[in-house]
Amino acid sequence: MPFILLCFTYEELSVASVSEMNNVIHLGMMESSAAYIFIQSDESDKIAIENIKHNRENNTFADIWRNAEEKMNCTIPRGLRKEYMLAVYAYTAQYPVGNPFNKIFNEEVRKYGATDEIYAKKFKFKSFQYLLTVALQKLKDDSTKSAVMSYRGIRIEAEGAEGSEMRFGSFTSSSFSKDVALRFINKTTKSNTLFEIRTLYGANITQCSRFPGQKEVLIPPYEMFRVGKSSSGKYGKSISLMGQRKQGIRVKLEMGKDGEVIVVPCKGSDISASRSLWILAALISITI
1 MPFILLCFTY
11 EELSVASVSE
21 MNNVIHLGMM
31 ESSAAYIFIQ
41 SDESDKIAIE
51 NIKHNRENNT
61 FADIWRNAEE
71 KMNCTIPRGL
81 RKEYMLAVYA
91 YTAQYPVGNP
101 FNKIFNEEVR
111 KYGATDEIYA
121 KKFKFKSFQY
131 LLTVALQKLK
141 DDSTKSAVMS
151 YRGIRIEAEG
161 AEGSEMRFGS
171 FTSSSFSKDV
181 ALRFINKTTK
191 SNTLFEIRTL
201 YGANITQCSR
211 FPGQKEVLIP
221 PYEMFRVGKS
231 SSGKYGKSIS
241 LMGQRKQGIR
251 VKLEMGKDGE
261 VIVVPCKGSD
271 ISASRSLWIL
281 AALISITI
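For the sequence shown, full-length UniProt numbering assigns the number 1 to the initial residue and increments by one for each residue that follows.
Put into structure tokens, the structure is as follows:
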């Protein structure tokens with residue numbers, strides 16, 4: 001069985017900017033990330049699901065969702081909707097071949113969260129982001145509320161000051177297995193990084209993943225980590241990351257007056273420092 005999800009490119013690193021001079025990534029806050037924390041409700045579920053179905057015929061996302069419906073073969077965890085797990089499968093499916101949806105989706109998550117207006121106008125997969133976010137929240141609640149250890153290997157050197165904070169800024173694959181993570185480094189060089197991650201909000205998605213052998217823990221874009229100690233090893237650097245808290249805006253889905261789906265900030269929204277001056281009362285028109 002091929003192992004695909006942890007095969008990273010620079011664009012998929014989703015941790016910071018890449019220095020063109022020395023090919024080193026600098027761990028940071030990913031300020032442009034669409035790190036929205038969606039709050040689940042039956043009404044929001046209905047809105048997201050109907051929005052995806054309604055736009056099937058006219059959206060490039062239609063084939064991706066249809067493929068998940070046809071190919072997913074797993075037992076839906078108790079208390080979770082099938083559509084949550086379809087989102088997980090669609091994310092892990094590596095479909096379409098050559099330009100997988102998870103790469104396209106994460107590029108948008110990283111780029112289109114600088115302001116609410118940019119997110120509203122440019123981000124095309126908002127209903128999907130809601131379903132995937134809720135899936136991770138529910139799976140985490142059903143497994144354990146404590147932190148879990150996972151590992152992520154990348155073929156480039158990363159650096160960050162010990163004690164500083166960072167977030168991946170997109171939905172980020174890791175594995176319960178260090179051996180799995182090490183399959184995705186370049187063992188002919190020492191220009192690799194192995195992240196040893198203590199995640200509070202990453203969820204075990206093995207049950208309905210396209211590739212269950214990867215023992216995947218999927219980390220949401222809003223989880224904040226403290227950078228721990230780094231060390232050098234046979235194939236490069238190891239860096240420990242300790243989950244601290246969520247950092248993003250808490251939102252819910254509603255139906256607007258004109259029949260469009262809108263995102264509404266919740267009362268007591270968690271607002272990151274970089275967004276503290278934004279006006280959050282405005283409703284955000286969205287599509288899928």
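Ideal Cβ positions, reconstructed from N, Cα and C, are used throughout, including at glycine. Since the model is a prediction, treat every value here as computed from it, not as a measurement.
The beta carbon of Thr133 sits closer than 8 Å to the beta carbons of Tyr36, Ile37, Phe38 and Pro220 from its chain, once the five residues preceding and following it are set aside; these are given in chain order. Comparing alpha-carbon positions, the option among Leu194, Gln137 and Ala34 lying closest to Glu157 turns out to be Leu194. In this structure, the beta-carbon distance from Val227 to Ser175 does not fall below 7 Å. Under DSSP, Asn192 takes part in a beta bridge, and its partners are Gly236.
Taken atom to atom, the span from the alpha-carbon of Arg198 to that of Glu254 is near 34 Å.
In this structure, Leu27 lies away from Met242, with their beta-carbon atoms at least 7 Å apart. When the five nearest sequence neighbours on each side are left out, no beta carbon in the same chain lies closer than 7 Å to the beta carbon of Gly259.
Val180 and Lys257 have their C-alpha atoms spaced approximately 49 Å apart. Contact annotation: Gly169 and Met30 have beta-carbon atoms nearer than 7 Å. By the Cβ-count criterion, Glu223 is buried, with 16 or more other Cβ atoms from all chains shown falling within 10 Å of its own Cβ. When Gly113, Tyr89 and Arg152 are compared, the shortest CA-CA separation from Glu70 is found for Tyr89. The residues Ser32, Ser33, Ala34, Ala35 and Tyr119, in chain order, have a CB closer than 7 Å to that of Gly113 in the same chain once the five nearest residues on each side in sequence are set aside.
The three-state secondary structure of Glu165, taken from DSSP, is strand.
Looking at Ala135, Lys252, Gly202 and Arg183, the one whose alpha-carbon comes closest to that of Arg78 is Ala135. If you draw a straight line from the Cα of Ile239 to the Cα of Glu196, it is about 6 Å long. Excluding five sequence positions before and after His54, none of the CB atoms of its chain fall closer than 7 Å to its own CB. Residue pairing by DSSP places Asn204 opposite Val217 in a beta bridge. Residue environment: Lys122 is assigned as exposed (fewer than 16 neighbouring CB atoms within 10 Å of its CB, all protein chains considered). With fewer than 16 neighbouring CB atoms inside 10 Å of its own CB, Glu43 falls in the exposed class. Bounds of any beta strand (DSSP E) do not take in Met85; it lies within the alpha helix (DSSP H) bounded by Lys82 to Thr92. Taking C-beta separations shorter than 7 Å and ignoring five residues to either side along the sequence, the partners of Arg245 in its chain run Met224, following chain order.
Closest in C-alpha terms to Trp65, from the list Ile76, Thr75, Pro100 and Leu80, comes Pro100.
About 6 Å separates the beta carbon of Lys229 from that of Glu162, a gap short enough to meet the 8 Å contact definition. For the set Ile25, Ile76, Lys190 and Asn204, the Cα lying nearest the Cα of Val148 is the one of Asn204.
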